[in-house]
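See below for the structure under consideration.
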Amino acid sequence: MIAVGSDHGGLELKQAICGLLQQRALEYADLGPFDESSVDYPDFGFKIATAVASGDFEAGILICGTGIGMSIAANKVDGIRAALVHDPFTARMAKEHNNANVLVLGGRVLSVDMGCELVEVWLDSTFESGRHQGRLDKVHQIEADRNK
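Residue 78 in my numbering is what sits at position 69 of the sequence shown, and the numbering runs on without skipping anything.
What follows is the structure, encoded as structure tokens:
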């Protein structure tokens, strides 16, 4: 199951992505917002990241105006590997090399079509493990050391 959220700057793209997930018959939950009222990206970035880190969701998708704020907020949560992507190559590498469990997009820098394409690339990619797992293990160790 995928948790999806945005701020007001990512609302239009979020709605299109929810449509795409529904079309692909993938289970998802839209965790807001639901209208164009101004909201703060950290609130939704933390909400989605926490839901993924807790295991309630397998993955998350976050959208704000540029994607920068959401990626900063989400990556503050232990166990989250949020990747801000801009093109098919970075979307694929986010999954294949970094096993990103949260995809982050910029609703004001991507067209709806490109945003949906990046979601599809990320969903269709597979973590390669191998040498990349060792690198992720180092990231997890940093989190563990920081929490001692």
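Where a beta carbon is used, it is the ideal one built from N, C-alpha and C, also for glycine. Nothing here was measured: the structure is a model prediction, and the numbers come from that model.
Spatially closest choice to residue i from the options, by CA coordinates
| i | options | result |
| --- | --- | --- |
| Met79 | His149, Glu67, Asp122 and Val94 | Val94 |
| Val148 | Asn84, Ser134 and Ser120 | Asn84 |
| Leu119 | Ala58, Asp96 and Leu132 | Asp96 |
| Ala100 | Ile77, Gly76, Ser134 and Ile89 | Ser134 |
| Leu35 | Val128, Asp49 and Asp16 | Val128 |
Run of the beta strand (DSSP E) containing residue i, from where it starts to where it stops
| i | result |
| --- | --- |
| Val13 | Ile11 to Ser15 |
| Asp39 | Tyr37 to Asp39 |
Beta-carbon proximity check, residue i vs residue j, cutoff 8 Å
| i | j | result |
| --- | --- | --- |
| Gly74 | Gly116 | yes |
| Gly41 | Phe53 | yes |
| Ala92 | Ala103 | yes |
| Phe66 | Ile26 | no |
| Glu45 | Val121 | no |
| Lys56 | Gly14 | yes |
| Ile151 | Leu114 | no |
| Ala62 | Ile89 | yes |
| Asp16 | Asp49 | yes |
Length of the line joining the Cα atoms of residue i and residue j
| i | j | result |
| --- | --- | --- |
| Ser47 | Gly18 | 8 Å |
| Asp154 | Asp87 | 11 Å |
| Ile77 | Pro51 | 11 Å |
| Asp146 | Asn156 | 15 Å |
| Gln32 | Leu132 | 13 Å |
| Phe43 | Tyr37 | 15 Å |
| Glu126 | Ser138 | 24 Å |
| Phe9 | Lys23 | The structure shown does not extend to residue 9, since the chain is modelled only from 10 through 157, so no value can be given for it. |
Would the segment 98 to 109 count as touching the segment 133 to 143 if we require 3 or more Cβ pairs under 8 Å? Between the segment 98 to 109 and the segment 133 to 143, the count of C-beta pairs closer than 8 Å reaches three or more; the two stretches touch.
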